[in-house]
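Visitor:
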Amino acid sequence: MNAVLPVGVEYVGSAPRTVVTPLGARCVLGLTTAIQALRGVAVVGPHGVGKAEICKDLA
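So the mapping is simple: this note's numbering equals the position in the sequence shown, first residue as 1, plus 14.
1) Look up Gly54 in the DSSP assignment and say whether it is helix, strand or coil.
2) Kindly indicate the opening and closing residues of the alpha helix (DSSP H) around Ala66.
3) Taking 8 Å as the cut-off, is the CB of Arg53 close to at least one heavy atom of the ligand GDP?
4) Starting from the C-beta of Gly44, find all residues in its chain whose C-beta is less than 8 Å away, skip the five residues before and the five after it, and write them out in chain order.
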């Protein structure tokens, strides 16, 4: 994996983080790979499993 995502230096304070699970880590890896390849993604799954939180953490 050679994904490079430029990050600015804006400090927004400390925020509560979601719990890192193996499935969540795989989702983040897939999302960053898709972003690097300039592809669109659709995050789908059951209600209440953390889809929005993973996207917010990645943003």
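A virtual CB, placed ideally from N, CA and C, is assigned to each residue, including glycine. It should be emphasised that the depicted structure is a prediction, and the values quoted were computed from it without experimental measurement.
Guide: This is what the structure holds:
1) For the purposes of this step, residue 54 is identified with residue 40 of the sequence shown, where counting begins at 1. Reduced to three states, the DSSP call for Gly54 is coil.
2) Indexing the sequence shown from 1 puts residue 66 at position 52. That run of the alpha helix (DSSP H) goes 65 to 72.
3) No copy of the ligand GDP occurs in the structure displayed, which carries no ligand at all.
4) To locate residue 44, count along the sequence shown from 1; it is residue 30. So the list reads Val55, once near-sequence residues are dropped.
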